[in-house]
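As numbered in my numbering, the sequence shown has no gaps in its residue numbers, which increase by one up to the final residue, 822.
Following: one structure in structure tokens, then a few remarks.
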Amino acid sequence: MTNRTERIGRLMQEKIGALIVEGRIKDPRVNPFLSVTRVSVSRDLAWAEVYISTFKPEANLAKGVEGLQSAAGFIQSQLASLMKLRQTPRLRFHDDLSIKEGFEIVKKIEDLNHGHAEGQ
703 MTNRTERIGR
713 LMQEKIGALI
723 VEGRIKDPRV
733 NPFLSVTRVS
743 VSRDLAWAEV
753 YISTFKPEAN
763 LAKGVEGLQS
773 AAGFIQSQLA
783 SLMKLRQTPR
793 LRFHDDLSIK
803 EGFEIVKKIE
813 DLNHGHAEGQ
């Protein structure tokens with residue numbers, strides 16, 4: 703990615719996150735516990751890959767991503783009005799399990815350390 707596409711990606715991440723938190727996306731599958739972890743924009747600005755995560759285990763990430771994908775047209779139109787670009791990238795939403803996997807790894811390490819401390 704170029705500096706320009708990285709800047710656009712960061713701005714899109716911020717704006718999409720705000721739309722989610724503010725409840726502007728009316729799809730019931732989209733809950734405020736969803737978080738935009740990163741946005742990767744193609745060089746020609748035709749597409750943006752939007753990665754979504756959640757820190758709440760009971761929040762259904764897959765359904766949230768489906769809700770965001772079904773609202774992609776609305777989100778894109780909101781981005782077009784908020785960002786001054788000639789062309790607003792089309793959006794594709796994806797699950798990002800990295801936060802959940804990170805928590806699981808930390809828990810396993812803590813369990814190992816706790817078990818090791820008890821064994822001494």
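Glycine included, every Cβ here is placed at the ideal spot set by N, Cα and C.
All values reported here derive from a predicted model rather than from experimental measurement.
- [ ] Answer yes if the segment 746-760 comes into contact with the segment 781-801, meaning at least three C-beta pairs across the two stretches below 8 Å, and no otherwise.
- [x] yes
TODO: Spatial neighbours of Thr790 within its chain, please: CB distance less than 6 Å, with the 5 preceding and 5 following residues excluded, ordered by chain position.
DONE: Gln778, Leu781 and Ala782
Task: Ala750 - containing beta strand (DSSP E), residue span - done: Trp749 to Thr756
TODO: Could you tell me the distance, in whole angstroms, from the CA atom of Pro730 to the CA atom of Gly817?
DONE: 42 Å
Task: alpha helix (DSSP H) segment containing Ser772, residue limits - done: Leu763 to Ser772
- [ ] Determine the DSSP secondary structure at Phe735, reduced to helix, strand or coil.
- [x] coil
- [ ] Thinking Val741 and Met714 are a contact (beta carbons under 8 Å), I'd like their distance in whole angstroms, please.
- [x] 5 Å
Task: Gly775 vs Val743 beta-carbon contact at 7 Å - done: no
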